[in-house]
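There are 4 protein chains.
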Amino acid sequence: MSDIFYDKEIKIDKKSDTRDLILQTAAKLFRDHGYSGTTLRLIANNAGLKAGSIYYHFTSKEEIVDEVLNVGITSLHVAVQEAVAQAQNKEDHREIIGLAIKAHMRVVFSKADFSAANMRLHSQLPDSILDQETVRRLKYGELWDGLLLAARQSGELRQDIGVGFLRQFILGAMNWNIEWFDSQRSSVDALADRVVHLVFDGVFLPK
Amino acid sequence: MSDIFYDKEIKIDKKSDTRDLILQTAAKLFRDHGYSGTTLRLIANNAGLKAGSIYYHFTSKEEIVDEVLNVGITSLHVAVQEAVAQAQNKEDHREIIGLAIKAHMRVVFSKADFSAANMRLHSQLPDSILDQETVRRLKYGELWDGLLLAARQSGELRQDIGVGFLRQFILGAMNWNIEWFDSQRSSVDALADRVVHLVFDGVFLPK
Amino acid sequence: MSDIFYDKEIKIDKKSDTRDLILQTAAKLFRDHGYSGTTLRLIANNAGLKAGSIYYHFTSKEEIVDEVLNVGITSLHVAVQEAVAQAQNKEDHREIIGLAIKAHMRVVFSKADFSAANMRLHSQLPDSILDQETVRRLKYGELWDGLLLAARQSGELRQDIGVGFLRQFILGAMNWNIEWFDSQRSSVDALADRVVHLVFDGVFLPK
Amino acid sequence: MSDIFYDKEIKIDKKSDTRDLILQTAAKLFRDHGYSGTTLRLIANNAGLKAGSIYYHFTSKEEIVDEVLNVGITSLHVAVQEAVAQAQNKEDHREIIGLAIKAHMRVVFSKADFSAANMRLHSQLPDSILDQETVRRLKYGELWDGLLLAARQSGELRQDIGVGFLRQFILGAMNWNIEWFDSQRSSVDALADRVVHLVFDGVFLPK
DNA sequence: GATGAATGAGGCTTCATTCAT
DNA sequence: CATGAATGAAGCCTCATTCAT
Numbered sequence: 568m569s570d571i572f573y574d575k576e577i578k579i580d581k582k583s584d585t586r587d588l589i590l591q592t593a594a595k596l597f598r599d600h601g602y603s604g605t606t607l608r609l610i611a612n613n614a615g616l617k618a619g620s621i622y623y624h625f626t627s628k629e630e631i632v633d634e635v636l637n638v639g640i641t642s643l644h645v646a647v648q649e650a651v652a653q654a655q656n657k658e659d660h661r662e663i664i665g666l667a668i669k670a671h672m673r674v675v676f677s678k679a680d681f682s683a684a685n686m687r688l689h690s691q692l693p694d695s696i697l698d699q700e701t702v703r704r705l706k707y708g709e710l711w712d713g714l715l716l717a718a719r720q721s722g723e724l725r726q727d728i729g730v731g732f733l734r735q736f737i738l739g740a741m742n743w744n745i746e747w748f749d750s751q752r753s754s755v756d757a758l759a760d761r762v763v764h765l766v767f768d769g770v771f772l773p774k
Numbered sequence: 568m569s570d571i572f573y574d575k576e577i578k579i580d581k582k583s584d585t586r587d588l589i590l591q592t593a594a595k596l597f598r599d600h601g602y603s604g605t606t607l608r609l610i611a612n613n614a615g616l617k618a619g620s621i622y623y624h625f626t627s628k629e630e631i632v633d634e635v636l637n638v639g640i641t642s643l644h645v646a647v648q649e650a651v652a653q654a655q656n657k658e659d660h661r662e663i664i665g666l667a668i669k670a671h672m673r674v675v676f677s678k679a680d681f682s683a684a685n686m687r688l689h690s691q692l693p694d695s696i697l698d699q700e701t702v703r704r705l706k707y708g709e710l711w712d713g714l715l716l717a718a719r720q721s722g723e724l725r726q727d728i729g730v731g732f733l734r735q736f737i738l739g740a741m742n743w744n745i746e747w748f749d750s751q752r753s754s755v756d757a758l759a760d761r762v763v764h765l766v767f768d769g770v771f772l773p774k
Numbered sequence: 568m569s570d571i572f573y574d575k576e577i578k579i580d581k582k583s584d585t586r587d588l589i590l591q592t593a594a595k596l597f598r599d600h601g602y603s604g605t606t607l608r609l610i611a612n613n614a615g616l617k618a619g620s621i622y623y624h625f626t627s628k629e630e631i632v633d634e635v636l637n638v639g640i641t642s643l644h645v646a647v648q649e650a651v652a653q654a655q656n657k658e659d660h661r662e663i664i665g666l667a668i669k670a671h672m673r674v675v676f677s678k679a680d681f682s683a684a685n686m687r688l689h690s691q692l693p694d695s696i697l698d699q700e701t702v703r704r705l706k707y708g709e710l711w712d713g714l715l716l717a718a719r720q721s722g723e724l725r726q727d728i729g730v731g732f733l734r735q736f737i738l739g740a741m742n743w744n745i746e747w748f749d750s751q752r753s754s755v756d757a758l759a760d761r762v763v764h765l766v767f768d769g770v771f772l773p774k
Numbered sequence: 568m569s570d571i572f573y574d575k576e577i578k579i580d581k582k583s584d585t586r587d588l589i590l591q592t593a594a595k596l597f598r599d600h601g602y603s604g605t606t607l608r609l610i611a612n613n614a615g616l617k618a619g620s621i622y623y624h625f626t627s628k629e630e631i632v633d634e635v636l637n638v639g640i641t642s643l644h645v646a647v648q649e650a651v652a653q654a655q656n657k658e659d660h661r662e663i664i665g666l667a668i669k670a671h672m673r674v675v676f677s678k679a680d681f682s683a684a685n686m687r688l689h690s691q692l693p694d695s696i697l698d699q700e701t702v703r704r705l706k707y708g709e710l711w712d713g714l715l716l717a718a719r720q721s722g723e724l725r726q727d728i729g730v731g732f733l734r735q736f737i738l739g740a741m742n743w744n745i746e747w748f749d750s751q752r753s754s755v756d757a758l759a760d761r762v763v764h765l766v767f768d769g770v771f772l773p774k
C-alpha cells in the first residue's frame, strides 16, 4: 500500500492506483466475508476489474491478504506509537493509555478496513501466512506491554493481574466493536471514550 | 442437536448418534477454519464418514451451520439462565452478573465448540442464515439486558453508559479470549475470575 | 493400470474400469499432443466424463502422467525381459537381441499407447516427475546394456563403439518409427524385421 | 529469420535484430519445453522483452513456431545440399551420404536450435501449422531419397529395403540423439562419425 | 445408513492477445 | 519500438450436492 500515509502530494504514484484500489477493496471484503469467503472474482468485480487482471498486480491471493494484514497492523502500530509519543513526557498513565486506545480504535474504524480485517482474519489464515503475521502481531503486543508495564510500575495500575492478560482484555474491549458498531451512524470518538472509561474503571461503581 | 442437554435418558435416539457426531465435528472445524474454510469433506472425514453420507442426516451445509449456531447460542442462553436462576433471590448484582459471566465463559470453552463457533462465525455467514441467527442473538442479548438493567436501577452500576453498550463491552471482554486463550493449558475458571474482576472494576485502581 | 496383463478373467475389478479408461485415454492423448497440450478436459471428454470427475480417480494431472509413464516403461521392461528369457539358453546373440527389438517395437505400437507416450514425453515433463521417470528409464537401459555387453564379449558385436552408445542407436532406430509409422495400415512385425536387419547389418552392403 | 545465412552483408536490416533474437530464443525454448509448454511470456523474458512487445514483430504465437520450423528445416536442407554438392562429382556414395549425415547432425546440434526444435515439435503442432510444415518436410525427404536412390542404383546399398524406409531409419539414427546427447560436453563430430559408422555397417560384425 | 462415483459451478491461476501511451 | 495494463478463454483443481447401489 503505497500511499496510506501521504499528506500533501495529490498523487505520488499514478501507476499504483489500481494496486491500491485492489488492496482497499480486498480489505473491506476480507473484513466482511473472511478469507475463504472472499473470492478473487469478488475483489475484482468490486474494483471494476476482471479476475485475471489482479494477477498483473499481485502474484497470488495470499500475497494480497499478506499485504492487507501488514498494512493493517502497521497502521495500528504507527498510529498508537505517534499518539503515545505526544504524551510521552507526561507522567499521567491514564492519559497515555487512553490516547493509545483512542488511536487504535480510530484506525480500526477508518475507511480502509485494513486494521479491522487484520483483527478478524487471524483465525482463518492459511499456514503459509500465519508465521509472518504472528511476528507482526507480537511486535504490536510488545508496544502495548511497554505502556502497561510503565503504568503498573507507577502504581496506578491494578497489580494483581499480569500485563499480558491486561493487554488481551483491552484488545478485546476495543476489537469486539468491529462486530457490531456501525461507524457510519455513530461517532467512533464517542465510542472510544466510553471504551476508555469502562476499561479504566469497570462497569460497577466503586463501593 | 438432539442430546446435548439430557442427563438421565440413557438413549433418546440411537439413530441420531451419527448426526450428533457430525455436528460436534462441524462445530470444532467451523470454529477453527471459518464457514467457507470448512468443507463437507473435511467434516465427513473427521467424523469417520464419506462426504455423501452427511446428506442422510442433513439436507445441506447451511442446515449444519444453522444447527451448530443454534446449539451454540442456546447452550449459552440456557447456561446463563440457570446460573442466574440460582442467585435470583439475592440482591447482590455483582454476584449475579459474575455468575452469568462465568457461565458464559465456561460454555464458550467447553469441549463441544458450538458456542465458540457461534461467536466467531457471525461475520462469515451466508445471508440465508443470518436472519434466524440474528433473532437468536437478540434474544440472548435481551437476557443480558435484563440483568444489567436491574443492576443499574439498583444504583450499583455505572449510570452514564447505556445498557446496550455495557452488554457489548462485556461480550467483548468474554469472547475475545477465544482468539488467544488455550483452554487445554490453563484454567478457564481462573480466566473467568480475572475477566469478572476487570469488567467490574477496570484496569486502574480507583484514585 | 490394474489389468494390463490379465489374460483370462473377463473382469478382475469392475471398480477400476473408469480409472483404466482414463489412463488409456490419457496415454493416447499424451502421445499425440504432448504434456501441456493434453488438457484434463480433453482427457475427460474423450473418456466420456467431465473434467472434475477425473479427480475422483487421481489426485492431479501429474499423477496421471506418472502412471502412464510407469505403465509404459514397465510394459517394455517386462516384454523385453520375457522375450529374452525364452532365448536365454541359446548362445546366438543376434537372435536374442533381435527378439528384444521385436518385443520393444510390438509393445510400442500396441493399442494402449503407454510406451509410445513414454518415449515421446520425456523432454516435456515437469521437474516433479522427471526424477522418478529417470530412475525407471535407467533400469530399462541396464537391461539392454546387459544384452549388449554379453554380445560384445562374445565377439559378435562391433567392439569399437561403447555399449551406451549402441543402446541409444538401437533405441533411436526403434522409437523414431513412432513419428511416422502407421500401425493401422502396415504390419508392425514386418517393420520390426526391417529394423532388426538394418540395425544389425547397416544400410550398405559389406564391401 | 532474416540473417541466418548471410556472410558478407554487415547489416541487412538493423530493425530485425530483435525479431531474430525472438526467434532464436523461441527455438531454444520450443526445443526444450514443447509447443504448449513454451509461453510467449517465457520467450519475451528470455529475450529481454515484455510479452506485448512480441506482437510488434509477429502477429501470433503460431507465426513464431511456423518461422522457427521453417528456418529449422531450411537450414537442414541447405546444409545437406551444400555438403552433397561438394562431393557430387565423386562416385563414392558412402562418402556422399556420410557427408550428408554429418551435415544434418551438425546443424541439429548447432547453437540456434531451430532444427532440433523442428525435429521435436512435429507431434505437438496445432493443425493450422501442420500442413505447411508437412510440405517442407516432404521436400527435405525428397533430397534424401535422391541420394539414397542413386546409391541403391549403384549397387552399393542394400536392395531389399525400400528407400523411404531407409530414409526413416537414417533420420531416426540421427535425430534420436537430440533426446540424450549433450553437445556441450562431447563432440558432435565424433558422435556423427559413430552414427555414420553404425548406420552404414550395423552393430554386428559381418559373419 | 452409508458409500462410490459422478457432476456443475466456481475457485485460483495462466495464457495469448490487445491497445493506448 | 516497447511497455503497462487489461481481458476472455481456458487450465487445473475443489466443492457442495446427487443418486444408484
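Protein chains in written order, with the working numbering: chain G, 568 to 774; chain L, 568 to 774; chain X, 568 to 774; chain B, 568 to 774.
All residues carry an ideal CB built from backbone N, CA and C; glycine is no exception.
Bridge partners - residue i, DSSP secondary structure assignment
i              : result
L724 (chain G) : L:F771
Helix, strand or coil at residue i [DSSP, three-state]
i              : result
D580 (chain G) : Residue placement at D580 (chain G) is flagged as unreliable, the pLDDT there being 48, under the threshold of 50; a coordinate-derived value is accordingly withheld.
W743 (chain L) : coil
T606 (chain G) : coil
Q751 (chain X) : coil
F681 (chain L) : helix
F732 (chain B) : helix
D659 (chain G) : coil
S690 (chain B) : helix
K628 (chain G) : helix
K706 (chain L) : helix
M568 (chain L) : Interpretation of M568 (chain L) is limited by its pLDDT of 42, a score under 50 that renders its predicted location unreliable; no figure is taken from the coordinates.
F597 (chain L) : helix
F669 (chain L) : One detail in the question is off: residue 669 (chain L) reads as Lys in this sequence, not Phe. Note: K669 (chain L) maps to helix in three-state DSSP.
G619 (chain B) : helix
Close-in-space but distant-in-sequence residues of the same chain around residue i (CB under 8 Å, 5 per side omitted)
i              : result
G665 (chain G) : V763 and F767
H600 (chain L) : L609
Q691 (chain B) : G601, Y602 and S603
L724 (chain B) : H660, L715, A718 and L733
S721 (chain X) : E658 and H660
Cβ separation of residue i and residue j, assumed to be a contact under 8 Å, to the nearest whole Å
i              : j              : result
S682 (chain G) : S620 (chain G) : Not quite, the Cβ-Cβ distance comes to about 27 Å (not below 8 Å), so this is no contact.
S695 (chain X) : G604 (chain B) : So it is not a contact: roughly 14 Å between Cβ atoms.
R586 (chain X) : I640 (chain X) : With 8 Å as the limit, R586 (chain X) and I640 (chain X) do not qualify as a contact, their Cβ atoms being about 19 Å apart.
A614 (chain X) : I589 (chain X) : 5 Å
A759 (chain G) : I663 (chain G) : No, A759 (chain G) and I663 (chain G) are not in contact; Cβ-Cβ is about 15 Å, not under 8 Å.
Cβ neighbours of residue i in the same chain (closer than 6 Å, five flanking residues each side left out)
i              : result
W711 (chain G) : R734
L636 (chain B) : N685 and E700
A670 (chain X) : A646, V647 and A650
S750 (chain B) : F676
Distance cut-off 8 Å: residue i Cβ against heavy atoms of the ligand COA
i              : result
A650 (chain X) : As presented, the structure is devoid of all ligands, the ligand COA included, so that no description of it is given.
7 Å CB neighbourhood of residue i in its chain, flanking five on each side removed
i              : result
F572 (chain G) : Confidence in F572 (chain G) is poor, its pLDDT being 41 and thus under 50, which makes the residue's placement too unreliable to answer from.
P693 (chain X) : E629
A654 (chain B) : E662, I663 and L666
A611 (chain X) : K617, A618, S620 and I621
L596 (chain L) : T605, L609, I610 and N613
Is the region 683 to 700 of chain G in contact with the region 740 to 754 of chain G, if contact means three or more CB pairs nearer than 8 Å?
-> yes
Do the region 703 to 721 of chain G and the region 623 to 630 of chain L meet, that is, are 3 or more Cβ pairs less than 8 Å apart?
-> no
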